[in-house]
Structures are given as structure tokens and as C-alpha cells.
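Here's the structure we're looking at; comments come further down.
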Amino acid sequence: MNEREYAVRPNKTQIKREIKVLNELGQELIKMPESALKKVPLSDAMRQAVKDGKRFQRGALQRQLRRIATLMQEEDVEAIQLELARQKQPSKQQTAELHQLEQWRDRLIAGDEGLLTDLIDQFPVIDRQHIRQLVRNAANEQKRNKPPKSARLLFKYLAEIKRPTLAPDGLETDPTSEDADNHSSE
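Going by UniProt numbering, the first residue of the sequence shown is number 1, and it counts up by one from there.
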């Protein structure tokens with residue numbers, strides 16, 4: 001007897017589950033920005049299929065997703081999933097940092113002088129007069145139900161103080177380059 005006759009093959013349900021996973025992975029790749037997509041290990045054909053999928057809508061997009069799922073069967077899916085997970089991980093850290101900045105801003109606007117003293121001790125580069133003015137203006141705007149312009153400026157200032165090597169869009173910058181100075185003044 002031939003071994004192929006007795007080979008165990010996956011049932012239809014298992015195949016459908018695998019295709020669904022590949023399809024979802026394809027959707028995730030299509031939604032990624034081009035800069036992040038460059039870091040994912042893909043073949044040229046797969047990269048082009050994802051690039052094409054970004055410009056399709058509805059029916060054409062569904063067909064392209066099926067094509068991507070088919071091409072995905074030849075790719076190293078685990079390596080792709082690992083890279084996607086790695087790219088998502090920093091966003092959790094950034095989210096936590098943003099929440100901390102929001103809490104600082106809200107506490108400063110509420111009048112927490114102890115926090116202001118702690119921040120000045122922790123970050124000696126803080127311009128005391130500027131941060132106090134931003135806090136005062138933000139509190140006045142809040143009392144008068146005006147748009148929170150100063151609160152946004154206070155948040156940006158706190159972000160610059162805490163992470164001086166991050167540009168406003170969250171991308172790493174070289175603090176020695178001229179562009180880093182341009183980002184911090186915005």
C-alpha cells in the first residue's frame with residue numbers, strides 16, 4: 001500500500017480556519033502604513049499584492065484579500081506575525097506614556113503644586129515660567145468653557161520635556177539633527 005493513500009489530511013473546517021487566519025493577516029497588512037510594512041518580511045509578489053490591495057474597495061478588495069491569502073500560504077507566516085506583534089508592542093508603551101502625560105496635565109490644571117515641584121525636580125530643563133503660564137491659561141479656559149488650546153499646548157510641552165527624542169508624531173528623531181530642533185518648536 002502506498003503511504004499517500006493513508007495520509008491524514010486536514011478536514012474542510014480546519015482548512016477554512018487557516019484561510020480565515022491568513023485573510024485576517026492580509027487585512028492587517030493592507031491597513032498598515034507603508035513605513036511599517038517595509039519592516040515585514042514579505043516576498044516581492046506579496047508586497048505588490050498588499051500595495052495593490054490598499055487602493056481597492058469592496059468587491060475588488062475582497063478578491064485581492066483572497067489572492068493575498070493564497071500568496072500567504074507560500075510566505076513565512078510565523079515571521080510575519082512576529083513582526084506585526086513586535087510593531088504593536090511599542091504602541092502599548094506609548095499609550096501608557098500618553099496616559100501618564102494626560103494625568104500630569106489634568107493634575108496640573110487642577111492645581112497640584114506638588115506635582116509641579118516634582119516635575120521641576122525630575123526634569124530640570126523645564127521652563128518654570130512657561131509651564132506655570134500654560135497651567136494658568138488652561139485653568140482659565142476650562143473655567144470659561146473655552147476650547148482647550150492651552151491644555152493641548154501644556155500636553156505637548158510635557159511630552160517634549162519627557163521624551164525629547166520623540167517627534168510629535170511618535171517617530172524617533174536624532175536629537176543632534178536640525179530637524180529635531182524644528183519639531184520641538186512646533
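Even for Gly, the Cβ is constructed at its ideal location relative to N, Cα and C. Because the structure is a prediction, the values reported are computed rather than measured.
Residue i, DSSP secondary structure in three states
i, result
"residue 209", "Past the edges of the chain, shown from 1 to 186, lies residue 209, and the structure says nothing about it."
"D118", "helix"
"S43", "coil"
"V111", "First, the residue type needs correcting, since residue 111 is Gly and not Val in the sequence shown. If DSSP states are grouped into helix, strand and coil, G111 belongs with coil."
"V77", "helix"
"Q142", "helix"
Under 8 Å between C-beta atoms of residue i and residue j
i, j, result
"A60", "N23", "no"
"Q81", "L25", "yes"
"G53", "L71", "no"
Euclidean distance between Cα positions of residue i and residue j
i, j, result
"R63", "K92", "33 Å"
"T165", "P10", "Unreliable positioning characterises T165 in this predicted model, as indicated by a pLDDT of 43, which lies under 50. A coordinate reading is not provided."
"L42", "K51", "12 Å"
Other residues of its chain near residue i: CB distance less than 7 Å, five sequence neighbours each side excluded
i, result
"R144", "none"
"I126", "L119, I120 and I161"
"R128", "I120"
"E83", "K39, V40 and P41"
Neighbourhood of residue i by C-beta distance below 8 Å, restricted to the same chain and skipping five residues each side
i, result
"L115", "W104, R107 and L108"
"E141", "P147, P148, K149, S150 and A151"
is_contact[residue i, chain C] using C-beta, thresh 8 Å
i, result
"Q57", "No chain C appears in this structure, which consists of one protein chain only."
Inter-stretch contact (C-beta, 8 Å, three-pair minimum) for the stretch 76-88 and the stretch 47-58:
no
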